[in-house]
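Sequential numbering of the sequence shown, starting at 1, is according to full-length UniProt numbering.
Report on the following structure.
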Amino acid sequence: MVVIDDVINSSNSSDQLSNFIGNNSTLIYDFFISQSYDSLLKYREKIASYILPYYKIYRNLDFTNNKNRLFVLSLLDVSERFGFHGEFQDLYNLCKRKNISIGSRLEASSKFLVGIRRISDYSNRMPEIIDLLAFSFLHEEDSEEKVIATLVHFYTEVLQNFGNENLNGVKEFRALLLESLSVDDKKFLVHSTITELLNETIDDINQVYNSIHRKLDLLLERSREFLPFDVSSHLIELGTEYSQMLNSIQDRFLEIINLCASLYANVASDDIFYSLQRGVKVLTEHNQLLAYINSYGKMHYAKVMSAFSILSNHNITSKIEIYDWGCGQGLASVCFLEYLNDRAETTEIEAITLIEPSEIALKRASLHIRKFNKSAGIYTINKDLDSLNNNDFSPNETNIKIQLFSNILDIDFFSMTDLILKIKRNFSGLNYFICVSPYVSDYKTQRLDDFVEAFENYDSFDLIQSVTERKGEWNGTSWTRVIRVFKVKI
Numbered sequence: 001m002v003v004i005d006d007v008i009n010s011s012n013s014s015d016q017l018s019n020f021i022g023n024n025s026t027l028i029y030d031f032f033i034s035q036s037y038d039s040l041l042k043y044r045e046k047i048a049s050y051i052l053p054y055y056k057i058y059r060n061l062d063f064t065n066n067k068n069r070l071f072v073l074s075l076l077d078v079s080e081r082f083g084f085h086g087e088f089q090d091l092y093n094l095c096k097r098k099n100i101s102i103g104s105r106l107e108a109s110s111k112f113l114v115g116i117r118r119i120s121d122y123s124n125r126m127p128e129i130i131d132l133l134a135f136s137f138l139h140e141e142d143s144e145e146k147v148i149a150t151l152v153h154f155y156t157e158v159l160q161n162f163g164n165e166n167l168n169g170v171k172e173f174r175a176l177l178l179e180s181l182s183v184d185d186k187k188f189l190v191h192s193t194i195t196e197l198l199n200e201t202i203d204d205i206n207q208v209y210n211s212i213h214r215k216l217d218l219l220l221e222r223s224r225e226f227l228p229f230d231v232s233s234h235l236i237e238l239g240t241e242y243s244q245m246l247n248s249i250q251d252r253f254l255e256i257i258n259l260c261a262s263l264y265a266n267v268a269s270d271d272i273f274y275s276l277q278r279g280v281k282v283l284t285e286h287n288q289l290l291a292y293i294n295s296y297g298k299m300h301y302a303k304v305m306s307a308f309s310i311l312s313n314h315n316i317t318s319k320i321e322i323y324d325w326g327c328g329q330g331l332a333s334v335c336f337l338e339y340l341n342d343r344a345e346t347t348e349i350e351a352i353t354l355i356e357p358s359e360i361a362l363k364r365a366s367l368h369i370r371k372f373n374k375s376a377g378i379y380t381i382n383k384d385l386d387s388l389n390n391n392d393f394s395p396n397e398t399n400i401k402i403q404l405f406s407n408i409l410d411i412d413f414f415s416m417t418d419l420i421l422k423i424k425r426n427f428s429g430l431n432y433f434i435c436v437s438p439y440v441s442d443y444k445t446q447r448l449d450d451f452v453e454a455f456e457n458y459d460s461f462d463l464i465q466s467v468t469e470r471k472g473e474w475n476g477t478s479w480t481r482v483i484r485v486f487k488v489k490i
């Protein structure tokens with residue numbers, strides 16, 4: 001039975017639904033938010049048959065509970081995704097009444113889905129909509145495709161509602177939209193798909209509307225695809241100018257930041273920075289590697305080192321294995337090695353396993369780690385989290401496992417349920433989990449908490465540190481941080 005069936009069967013009362021949500025929030029998030037567009041599309045009608053008929057049940061949930069808030073937000077998100085107008089309006093109004101923060105992208109959607117009476121309303125609201133989408137692109141969303149889809153949805157709403165009766169008005173709106181997106185500080189929103197779709201001829205409204213949505217569906221599905229993975233277990237960057245320059249600096253993380261900053265200064269551009277998608281995009285080019293560390297390196301260092309500092313109270317002297325999930329350029333592992341070196345720990349590192357879908361970033365991660373540790377075995381897994389299988393891991397049960405999750409657990413594009421099962425099946429013995437992310441929203445923080453909660457039923461579970469600090473709350477910085485550190489014997 002799929003999740004939406006379970007939701008329907010558990011919605012006979014608000015209390016029953018709340019209990020179901022409390023016990024299955026990870027499954028719910030994976031189904032509505034993390035699932036690929038193509039997979040979710042199969043349940044479109046069933047989802048539609050739930051949202052309005054069961055409104056009287058979920059509107060009475062206790063919204064002081066974050067999981068209940070996340071449930072309603074998931075329904076709002078999928079309503080925007082599928083263009084459910086009435087459903088979106090009711091859910092949007094419920095979120096406003098219950099003070100549920102919905103994020104800038106969905107707020108932008110409300111501007112063209114709620115309270116529209118004439119075609120001029122769309123044009124009048126355009127500046128605010130574009131500003132909200134730009135903020136979402138730069139600071140909130142994990143996928144540029146979601147922002148692009150909402151922008152296209154904005155256009156197709158005008159096309160569908162006024163194309164037959166006011167075609168000239170639609171053409172004027174389209175010209176204004178293209179002009180607004182050409183402004184320098186908004187150009188990063190002009191994806192090739194946007195240009196293609198906005199330039200389609202609109203003589204036959206129904207035909208062009210369907211054509212646009214078919215192409216948009218293809219874009220959303222392609223956004224979940226990666227380049228072919230390299231199956232080698234020992235990927236490393238060799239013989240490059242960067243590798244030679246790395247040899248000449250000290251083994252300190254801040255030295256790597258300085259090196260990348262000096263190299264990036266020669267190629268710096270807004271296009272490269274925006275291509276990072278606030279640091280969550282799978283990187284494909286050398287200049288992106290430099291830009292990431294130049295832009296986010298110091299923040300990354302401060303976050304993970306503040307998490308490692310709590311481990312000083314724990315005597316980790318046995319042989320250890322490090323697993324760096326979604327490792328990027330290996331920054332979390334490098335910081336951990338620096339932390340151990342600074343404390344002159346006698347810990348023996350037997351192996352470091354790096355998991356990352358970007359081949360170019362993974363090779364650089366190996367290079368960085370070899371700079372800081374000459375003896376540990378470095379094993380690379382060039383996969384995204386959903387592509388992992390049990391054969392990818394062969395840990396030693398007697399070794400302590402250090403599980404590093406830096407800027408990954410709050411990302412939408414993987415199944416948290418599957419990840420948790422893989423960890424429980426493969427990592428017997430004592431594990432330390434160091435989980436760090438920026439604070440983006442309550443519902444992304446809940447994703448981390450759901451991960452932690454999945455291990456709380458073990459008698460050995462020990463939550464070592466829990467920190468959530470929004471902008472302005474982390475003393476001495478302008479950054480945010482969400483930290484969860486725990487140990488558990490599986």
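Glycine residues also receive a C-beta, built at the ideal position from the N, C-alpha and C atoms.
Buried or exposed by the 16-neighbour rule on C-beta atoms within 10 Å, applied to residue i
i, result
"Arg-105", "buried"
"Arg-364", "buried"
"Ala-134", "buried"
"residue 495", "Because the chain here runs from 1 to 490, residue 495 falls outside it and cannot be looked at."
"His-153", "buried"
"Asp-15", "exposed"
"Asp-5", "exposed"
"Ser-312", "exposed"
"Lys-487", "buried"
"Pro-127", "exposed"
"Glu-473", "exposed"
DSSP three-state assignment for residue i, whether helix, strand or coil
i, result
"Cys-95", "helix"
"Ala-351", "strand"
"Thr-195", "helix"
"His-153", "helix"
"Ile-293", "helix"
"Phe-308", "helix"
"Glu-338", "helix"
"residue 492", "In this structure the chain extends from 1 to 490, so residue 492 is not present and cannot be described."
"Val-190", "coil"
"Thr-445", "helix"
"Tyr-264", "helix"
"Leu-75", "helix"
"Glu-145", "helix"
"Phe-20", "helix"
"Gly-239", "coil"
"Pro-395", "coil"
"Asp-412", "coil"
"Pro-357", "coil"
"Phe-427", "coil"
"Glu-179", "helix"
Per DSSP, cross-strand counterpart(s) of residue i
i, result
"Phe-486", "Phe-433, Leu-463"
"Gln-403", "Tyr-323, Phe-433"
"Arg-481", "Glu-469"
"Gly-86", "None; Gly-86 has no bridge partner."
"Asp-26", "Contrary to the premise, residue 26 reads as Thr rather than Asp in this sequence. DSSP output for Thr-26 lists no bridge partner at all."
"Ile-378", "Ile-352"
Whole-angstrom C-beta distance between residue j and residue i, which should lie under 8 Å
i, j, result
"Arg-69", "Ile-33", "Contact flag wrong, Cβ pair sits at about 14 Å."
"residue 521", "Ser-428", "Nothing about residue 521 can be reported from this structure: the residues present for the chain run from 1 to 490 only."
"Leu-159", "Val-147", "Incorrect: roughly 19 Å between the Cβ atoms, too far for contact."
"Asp-449", "Phe-414", "With a Cβ gap of about 17 Å, Asp-449 and Phe-414 do not count as contacting."
"Asp-324", "Ile-360", "Incorrect: roughly 16 Å between the Cβ atoms, too far for contact."
Any chain D beta carbon closer than 7 Å to residue i
i, result
"Thr-353", "In the structure shown, chain D cannot be found, because there is only a single protein chain."
Proximity test, residue i beta-carbon vs the ligand ZN heavy atom, cut-off 6 Å
i, result
"Gln-244", "Of ligands this structure carries none, so the ligand ZN is not represented either."
Item to complete: Say whether the segment 243 to 263 touches the segment 162 to 181, bearing in mind that this needs 3 or more beta-carbon pairs closer than 8 Å, one atom from each stretch.
Response: no
Worksheet item: Just checking, does the segment 417 to 425 make contact with the segment 46 to 62 on the three C-beta pairs under 8 Å criterion?
Response: no
Worksheet item: Does the pairing of the segment 463 to 483 with the segment 426 to 446 give three or more beta-carbon distances under 8 Å?
Response: yes
Discussion item. Count Cβ pairs between the segment 331 to 339 and the segment 359 to 374 that sit closer than 8 Å; are there 3 or more?
Written reply: yes
Discussion item. Counting beta carbon pairs with one atom in the segment 390 to 404 and one in the segment 264 to 272, are three or more of them shorter than 8 Å?
Written reply: no
Worksheet item: At a cut of 8 Å, does the segment 55 to 67 reach the segment 9 to 28 through at least three beta carbon pairs?
Response: yes
Item to complete: Inspect the CB distances between the segment 122 to 133 and the segment 84 to 94 and report whether three or more fall short of 8 Å.
Response: no
Worksheet entry | Three-pair Cβ contact test at 8 Å for the segment 448 to 466 versus the segment 286 to 300 | no
Practice prompt. Check whether the segment 73 to 84 touches the segment 22 to 42, counting contact only when three or more Cβ pairs, one atom from each stretch, lie closer than 8 Å.
Written response: yes
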